[in-house]
Amino acid sequence: MSTELCMLAKQYGVDKCPEINHNYTPTYHSVLNSTRSKILIFLEIGIGNIPLMAPIVGKSYKPGASLRMWRDYFPNASVIGCDIDKTVLFNDEHRIKTFFADQSSKVSLQNLIETDIKPPNNMVDIILDDGSHIKEHQILSFKTLWKYVKSGGFYIIEDVWKTHLDEFASLPGIFGFSDGEVIAKFNDKSDMQGLIIYKKTN
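Residues 1 to 202 in full-length UniProt numbering are what the sequence shown spells out, letter by letter.
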């Protein structure tokens, strides 16, 4: 099913939509559409670079494509991107800011929130990890950044290998359930890499 978010992904050349690569945007739309106007701070780990993304989405790819998609999808949000590659950083587009951060460093991630972004009360509505895709980095980032997610907010990890879904299911707060078998079914229509969404309920 094509959604508004799918169309934005196609417009900007984002590999999160099934028309290009992953089957993520339909799920995001079903989970986030009802609260779009309430999202004020959105953070994505991983901005994207031309050598990695151009073979997937085409030669017209421009770093920060997904940040533009999210900016258009969340009408009131400040959209923040971070990356270890300083060559992809930019700060000349409406409602988008980018910062350096090392996903393998707890201190770097904490400084990103508390020193660079400085959101009200150090709280963020949504954090999306599309960074290194290394399991240890994904878990370190979650354990470091979860405390900065607002009550009712979301922490999303993309590109989780299905063989690791049970391990990620054991982390707290997972999208209303913590059963690895249920999560596997949630990802059946995805590819070899899955998607996990955590919602903070307290």
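All C-beta atoms in this analysis are idealised placements derived from N, C-alpha and C, irrespective of residue type, glycine included.
No experiment lies behind these values; they were computed from the predicted model shown.
**Study point:** Contact check, E158 vs D130, beta carbons under 8 Å
**Key:** Taking 8 Å as the Cβ cut-off, E158 and D130 qualify as a contacting pair.
Review point. Where DSSP assigns a beta bridge to T25, which residues make up the other side?
Key: Answer is none; T25 lacks a bridge partner.
Check your understanding: Pick from K86, Q11, S78, I39: whose alpha carbon is nearest that of A65?
Key -> Nearest option by C-alpha distance: Q11.
**Study point:** Beta-carbon proximity list for C6, same chain, < 6 Å, skipping 5 on both sides
**Key:** Short of 6 Å from the beta carbon of C6, and not among the five residues preceding or following it, lie these beta carbons of its own chain, in chain order: C17, T25.
Exercise for review: Please specify which runs of the alpha helix (DSSP H), each continuous and at least 4 residues long, are wholly inside the stretch 135-162, giving them in chain order.
Suggested key: The stretch 135-162 contains these whole alpha helix (DSSP H) runs: 135-145.
Practice item. Label L52 either buried or exposed according to how many other C-beta atoms from any shown protein chain fall within 10 Å of its C-beta, with 16 as the threshold for buried. Key: Exposed, by the Cβ-count rule.
Check your understanding: Going straight from the alpha carbon of I196 to that of I126, what length do you get?
Key -> Rounded to the nearest whole angstrom, the C-alpha separation of I196 and I126 is 13 Å.
Exercise for review: In angstroms with no decimal places, state the Cα-to-Cα distance between K97 and S104.
Suggested key: A direct Cα-Cα distance of roughly 21 Å separates K97 from S104.
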